[in-house]
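Each remark here refers to the structure printed beneath this line.
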Amino acid sequence: ETGVTQTPRHLVMGMTNKKSLKCEQHLGHNAMYWYKQSAKKPLELMFVYSLEERVENNSVPSRFSPECPNSSHLFLHLHTLQPEDSALYLCASSQDFGTASTQYFGPGTRLTVL
Amino acid sequence: GDSVTQMEGPVTLSEEAFLTINCTYTATGYPSLFWYVQYPGEGLQLLLKATKADDKGSNKGFEATYRKETTSFHLEKGSVQVSDSAVYFCALTRATSGTYKYIFGTGTRLKVLA
Chain A
1 ETGVTQTPRH LVMGMTNKKS LKCEQHLGHN AMYWYKQSAK KPLELMFVYS
51 LEERVENNSV PSRFSPECPN SSHLFLHLHT LQPEDSALYL CASSQDFGTA
101 STQYFGPGTR LTVL
Chain B
1 GDSVTQMEGP VTLSEEAFLT INCTYTATGY PSLFWYVQYP GEGLQLLLKA
51 TKADDKGSNK GFEATYRKET TSFHLEKGSV QVSDSAVYFC ALTRATSGTY
101 KYIFGTGTRL KVLA
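Right under this line is the structure:
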């Protein structure tokens, strides 16, 4: 596969469940990102990893827990979510963490919290 | 704080019409500016970018010029096609205090009718 892949594409979970989102990039990039996309709101940057080290955590609730075991994989662990967490979660990667770097996005995971 | 403002959609045009999608930004320093496009069921992909004032980004017939004096980065295309129907996101990145900010707009949906 090429580019950035995300699994699952759709996820429905109850508020007491624990689930994980997976992202994999096949581009040899050094930086990876998690974004939340909600209707009629700007994309919200959640977390950034550069060279497997977390460099940004934008005031995200602790019920979201990222993990970057290597430069190709990024996970978002979910537990005790709220209905307002329902959204499209996008993963992205870029060659480096910097201002001019183009980000390459995956297709997203559509999350519904009941 | 930094922000990106885009015109609300949807924008509905007939094929071969001229397209303008407005984008203005608020940021200190010298941000880089981007337009990303999201086709149905897919992640965002870079359309064009400009990294300094007066730069013009262009791709696939789309153009945008980085105007620092008006803090704008409007997207234009001379003749749209049905295949251009998608959601368009304006974004900025800039360096700040040893890290980088990534700010996206809310997106503008474009519908092109045959």
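Chains A and B, in that order, are what the protein sequence lines are. Last residue of the first sequence: number 114 in this note's numbering, and the count goes up by one each step with no gaps. Last residue of the second sequence: number 114 in this note's numbering, and the count goes up by one each step with no gaps. Don't be surprised by glycine CBs; every beta carbon is placed ideally from N, CA and C.
- Going by C-alpha positions, PHE64/A is about 37 angstroms away from PHE62/B.
- Judged by DSSP in its simplified three-state form, GLU84/A adopts helix.
- Cβ atoms of ARG94/B and TYR88/B stay farther apart than 8 angstroms, at about 21 angstroms.
- Between THR2/A and HIS26/A a beta carbon distance of about 6 angstroms is seen, short of the 8 angstroms cut, so the two are scored as contacting.
- Inter-segment contact for the region 105-114 of chain A and the region 50-59 of chain A is absent: fewer than three beta-carbon pairs are separated by less than 8 angstroms.
- Beta bridge pairing from DSSP links CYS90/B with TRP35/B.
- Neighbours of GLY61/B across chain A, judged by C-beta separation under 7 angstroms, do not exist; the nearest C-beta is about 19 angstroms away.
- Bridge pairing for THR26/B: SER3/B [DSSP].
- By the neighbour-count criterion, in which 16 or more other beta carbons inside 10 Å mark a residue as buried, TYR49/A falls on the buried side.
- In chain order, ALA100 and THR102 make up the part of chain A whose C-beta sits under 9 angstroms from the C-beta of LYS49/B.
- Only residues of its own chain outside the window of five on either side were considered, and among them none has a CB closer than 6 angstroms to the CB of GLU84/A.
- In this structure, SER86/A places its C-beta atom within 8 angstroms of the C-beta atom of VAL113/A.
- Listed along chain B are GLY43, each with a C-beta nearer than 8 angstroms to that of GLY108/A.
- Comparing C-alpha distances from TYR36/B to each of GLU8/B, THR108/B, LEU113/B and VAL112/B shows the shortest one belongs to THR108/B.
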